[in-house]
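Before any comments, here is the structure.
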Amino acid sequence: MKKIFICLLSLVIFGGANAQSEVSIHSSMNKVKLDFTLDASGRPSYKVFFGDKPVINNSYLGIKLANDTALDKNFALTGSEKTTVDETWQPVWGEVKNIRNHYEQVVIHLKQKSATGRLMNIIFRVFEDGVGFRYEFPNQPNLKYFVVSDELTEFALTGDNKTFWIPGDYDSNEYSYTTSKISEIDASVLAKSATDIAVRFVPDKYGIQTPLMMKTTDGLYLNIHEAALVDYTSMQLHADINTFKLTANLVADGVGNKAYMHAPCSTPWRTIIVSDKAADILSSKMILNLNEPSKIENTSWIKPMKFVGIWLEMQTGKSTWNYADRADTLDAKGQLIPNGKHGANTANVKRYIDFAAANNIGGVLVEGWDVGWEDWFGNWKENVFDFVTPYPDFDVKQIEDYATSKGVHMIMHNETSGSATNYERQMDTAYRFMNKYGYTSVKTGYVGKIVPRGEHHDGQWMVQHYVRVAQKAAQYHVMLDAHEPVRPTGLQRTYPNWMASEAGRGNEYNLFSTGNHPDHETIMPFTRLMGGPMDYTPGIFKIKGYAPGDPERQVHTTLAKQLALYITLYSPLQMAADMPDNYEKRMDAFQFIKDVAVDWDDTKIVEAEPGEYVTVARKEKGAANWYIGAITNQNGRNAIIPLDFLDKGTKYAITIYADADDADWKKNPEAYKITKYYVNAGTKLNIKLANGGGAAISIKPATEADKGLKLYK
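Heads up: the sequence shown is residues 151 to 863, going by our numbering.
Dropping the structure here:
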């Protein structure tokens, strides 16, 4: 049900008889309060409060145009209105069944006092957990086609906040997080040292990426990001380390422009989520609510699922993506000479299909199946893959028939090598191929420098490209998992077939590089995942000994924490990322991956603190089962978990997959224990988490088979 109330705004006007008036407009929703001001020079600004505490001090707004007058001052207010909306909607899939969208909207109509009389609206939406705002450019005679050279949006912080950040890189979000004060930010150091990232471009020493998570000295939690990024460039932030002011820092194209616009149009929403409880940040649905409803009418074909894949064996050197060692290693007939290590061969794929079918895993991803891998990386080449031609040892039809007979869906892999132009030309061909051979999903990849040359992964041209891919996939009823794209901004509401993205430092960095710090997964929910689900590739069971020639390399978690990530790092497409051989040695622990759901009716953030710990409970879609994930950073702790969300009067059987007493992410990461009990809504769990550890818990209504269990105490 949707309720909308519209009223005229009350204006507070200041100024003497000889001065231009200052206009002040206020809006609030529960503890969140917004003050908008148009000062005597016609310059718009805003402030945000949480209760009586300032969150954002006076911050100016505006857009700078290329070779033209900036839209940042000399404005007059021509009108304004306030609207209250209270509605509930249901996502196609997600963390909860129902989402409330409750906000007060304020629309500020501005006109520049000049000969051109240009118009710009600023739209604010004030929610109970934050504020979103955007610039809107109405249809008008003196502003049609225009180029944005800068966005002048400010976020004036109240102090030297504790901040969880990565560099503002135009091409990559795959950095380790740094925890520091604003005054200590220096992105240039990380940009130079992060040699495990393939393509890097950090033009601003003080540039940082969003979603940006902060904690103020007086205990407020603050997150800054954007929503509904569809036809603009992505927003990063420039940090003034002396004044603690953040300014929008837009990703530029090859000639230095930020965005090409055609009125009527609008920018994405700039989002500020705030609370005095860290758990509330993770519970926020503000970014989703600022996106448009689904543009896909029939969504019945969109199905969340788990999958396995020929992927990790390539990451660890057991096999290769490429069929031959080099593109010019040819036999007398001009055919590639196989290297004998190609992973995507028919027999190996069948082995993964068998494993998936036997273990309640819905899909199989195969990377390296198509010709071109010998010649793809680092060459900035436009035409590498055609997305339909398999290597000689990969029988597409035989694999389709075999997977169908086993009830398993195949997942396509389209690595573009960064050549978006080539992919755009080939998309219809590629998606028809998927339909023909039964592929219900596709994982795209953009490793490398972008073609068109001069564009960046996070610039406007590529932002529009990623949306075009989602639209094309929807046309062919294919679900999308995008790797190396711009970080998400809630578009999974508008295009629910765009189910996951990478756009962050995933589990794979534990396999081929120095890895992820033990606190990494406790930061990610507050940063990267604020915009949408992540294909993090959890579920690694062989924590050590997987890297030939490098015995010190390891995953920086315990095995139990790998299980917990299926709950704490949400995705409707969840990979069981390890190889079948490693799972078959620990089928008792693998049972959690077999059981855990990927779509949910309810989610409870039990406890959370960025960089330290996260505990999340989720209720399976259409079932009475609950699953809990609890993780910690490098320091061990006890997770205290009241089960008061369970139905009262119902007895449940609980299975706890926990760190063993002597487990430690560095010294003994693969040690775990599994215990079972009876519990009810009055039970309070006290689970020990090892250093770098975690716990995964399944809770199901008790049956006759659970008779012998003891009550948890």
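Quick reminder that beta carbons are idealized off the backbone N, C-alpha and C, glycines included.
message: If you reduce the DSSP assignment to three classes, tell me which class histidine 670 lands in.
response: Here residue 670 is taken as the residue at index 520 of the sequence shown, counted from 1. Three-state DSSP puts histidine 670 in a helix.
message: With H, G and I counted as helix, E and B as strand and the rest as coil, what does DSSP make of alanine 747?
response: Counting from 1 along the sequence shown, the entry for residue 747 is found at position 597. Residue state, collapsed to three classes: coil.
field: histidine 706: first and last residue of the uninterrupted alpha helix (DSSP H) it sits in
entry: Stepping through the sequence shown from its first residue, residue 706 is reached at position 556. It is not in any alpha helix (DSSP H) - histidine 706 carries neither H nor E in the DSSP assignment.
- prompt: Do the segment 380-388 and the segment 272-287 make contact, defined as three or more Cβ pairs closer than 8 Å?
  reply: The answer is no - the segment 272-287 does not touch the segment 380-388, with fewer than three Cβ pairs under 8 Å.
field: Other residues of its chain near alanine 507: CB distance less than 7 Å, five sequence neighbours each side excluded
entry: Within the sequence shown, the letter at position 357 stands for residue 507. Closer than 7 Å at Cβ, skipping near neighbours: Lys556, Gly557 and Val558.
message: According to DSSP, simplified to helix, strand and coil, what is histidine 615?
response: Along the sequence shown, one-based indexing puts residue 615 at 465. In the structure shown, histidine 615 sits in a helix (DSSP, three-state: H, G or I).
- prompt: Could you give the uninterrupted runs of the beta strand (DSSP E) lying entirely in the segment 355-383, keeping only those of 3 residues or more?
  reply: 362-365 and 371-377
field: Residue span of the beta strand (DSSP E) that contains serine 299, given as start and end
entry: As a working mapping, residue 299 is identified with position 149 in the sequence shown. Its beta strand (DSSP E) spans residues 295-301.
task: Determine the extent of the beta strand (DSSP E) in which proline 194 is found, giving its start and end residues.
output: The residue given as residue 194 occupies position 44 in the sequence shown. Note, proline 194: beta strand (DSSP E), 194-200.
Proximity winner among Lys456, Glu463, Gly459 and Ala494, relative to alanine 474 (alpha-carbon distances): On the sequence shown, position 324 is the one that residue 474 refers to. Comparing Cα-Cα distances from alanine 474 to each of Lys456, Glu463, Gly459 and Ala494, the minimum goes to Ala494.
- prompt: Between the segment 623-633 and the segment 584-597, are three or more C-beta pairs nearer than 8 Å?
  reply: yes
task: Determine the closest residue to leucine 215 out of Asp300, Arg193 and Pro204, with distance taken between C-alpha atoms.
output: If you number the sequence shown from 1, residue 215 lands on position 65. Among Asp300, Arg193 and Pro204, the Cα nearest to that of leucine 215 belongs to Asp300.
- request: State yes or no: is the C-beta of valine 297 within less than 8 Å of the C-beta of asparagine 407?
  value: Along the sequence shown, one-based indexing puts residue 297 at 147. Along the sequence shown, one-based indexing puts residue 407 at 257. The answer is yes: Cβ separation under 8 Å.
- prompt: Just to confirm, are aspartate 794 and alanine 845 a CB contact at a threshold of 8 Å?
  reply: Position 644 of the sequence shown, counted from the start, is the residue given in the question as residue 794. Position 695 of the sequence shown, counted from the start, is the residue given in the question as residue 845. No. Outside cutoff.
field: Proximity below 8 Å, CB of histidine 176 to CB of leucine 188
entry: Here residue 176 refers to the residue found at position 26 of the sequence shown. Here residue 188 refers to the residue found at position 38 of the sequence shown. Going by C-beta atoms, histidine 176 is not nearer than 8 Å to leucine 188.
From Thr329, Thr233 and Ile423, residue whose alpha carbon lies closest to that of glutamate 278: Within the sequence shown, residue 278 is the residue found at index 128, counting from 1. Residue Ile423 is the option with its Cα nearest to glutamate 278.
- prompt: If you run the structure through DSSP and keep just helix, strand and coil, what is lysine 232?
  reply: By one-based count along the sequence shown, residue 232 stands at place 82. Under the three-state reduction of DSSP, lysine 232 is assigned to strand.
field: Rounded straight-line distance, which links the Cα of glutamate 304 to that of isoleucine 849
entry: The residue you call residue 849 lines up with position 699 of the sequence shown. The residue you call residue 304 lines up with position 154 of the sequence shown. Approximately 46 Å between the Cα atoms of the pair.
8 Å Cβ cutoff met for histidine 670 and arginine 655: Numbered from its first residue, the sequence shown carries residue 670 at position 520. Numbered from its first residue, the sequence shown carries residue 655 at position 505. Against a cut-off of 8 Å, the Cβ pair of arginine 655 and histidine 670 comes out as a contact.
- prompt: Based on the DSSP secondary-structure assignment, which residues constitute the bridge partners of lysine 312?
  reply: Walking along the sequence shown from the start, residue 312 turns up at place 162. Lysine 312 pairs with Lys331 and Lys365.
- prompt: Alpha carbon to alpha carbon, what distance is there between aspartate 504 and alanine 580?
  reply: Numbered from its first residue, the sequence shown carries residue 580 at position 430. Numbered from its first residue, the sequence shown carries residue 504 at position 354. Their backbone Cα atoms lie some 26 Å apart in a straight line.
query: What residues match up with asparagine 217 in a beta bridge as DSSP calls it?
result: For the purposes of this step, residue 217 is taken as the residue at position 67 of the sequence shown. Answer is none; asparagine 217 lacks a bridge partner.
query: Helix or strand or just coil, what does DSSP make of aspartate 738?
result: The residue labelled residue 738 in the question sits at position 588 within the sequence shown. Three-state result, aspartate 738: helix.
field: Coil, strand or helix - phenylalanine 691 by DSSP
entry: In the sequence shown, the residue the question calls residue 691 occupies position 541. Three-state DSSP puts phenylalanine 691 in coil, outside helix and strand.
query: In the structure shown, what three-state DSSP assignment does isoleucine 804 receive?
result: To locate residue 804, count along the sequence shown from 1; it is residue 654. Here isoleucine 804 sits in strand by DSSP.
message: I'd like to know whether the C-beta atoms of glycine 192 and asparagine 224 end up nearer to each other than 8 Å.
response: As a working mapping, residue 192 is identified with position 42 in the sequence shown. As a working mapping, residue 224 is identified with position 74 in the sequence shown. Cβ atoms of glycine 192 and asparagine 224: closer than 8 Å.
- prompt: Just checking my contact of proline 819 with lysine 694 at CB under 8 Å: how many whole Å lie between their CB atoms?
  reply: Translated into the one-based positions of the sequence shown, residue 819 becomes position 669. Translated into the one-based positions of the sequence shown, residue 694 becomes position 544. Between lysine 694 and proline 819 the Cβ distance is about 7 Å, and since that is below 8 Å, they are a contact.
- prompt: Would you say threonine 360 and asparagine 311 are within 8 Å of each other, going by their C-beta atoms?
  reply: Counted from its first residue, the sequence shown places residue 360 at position 210. Counted from its first residue, the sequence shown places residue 311 at position 161. Against a cut-off of 8 Å, the Cβ pair of asparagine 311 and threonine 360 comes out as no contact.
field: Inter-residue spacing [alpha-carbon to alpha-carbon] between tyrosine 327 and serine 338
entry: On the sequence shown, residue 327 is found 177 positions in, with the first residue counted as 1. On the sequence shown, residue 338 is found 188 positions in, with the first residue counted as 1. Tyrosine 327 and serine 338 have their C-alpha atoms roughly 14 Å apart.
task: For aspartate 856, name the three-state secondary structure that DSSP assigns.
output: Working through the sequence shown from its first residue, we reach residue 856 at position 706. Reduced to three states, the DSSP call for aspartate 856 is helix.
field: Supposed contact pair valine 242 and serine 444 - C-beta distance, whole angstroms, cut 8 Å
entry: Within the sequence shown, the letter at position 294 stands for residue 444. Within the sequence shown, the letter at position 92 stands for residue 242. Their Cβ separation, rounded to whole angstroms, is 7 Å, which keeps serine 444 and valine 242 in contact under 8 Å.
Per DSSP, cross-strand counterpart(s) of serine 177: As a first step, residue 177 must be located in the sequence shown, where it is residue number 27. Looking at the DSSP output, serine 177 bridges to Leu184.
query: Does the separation of the CB atoms of threonine 864 and isoleucine 806 fall below 8 Å?
result: Absent from the structure is residue 864, since the part of the chain shown begins at 151 and ends at 863.
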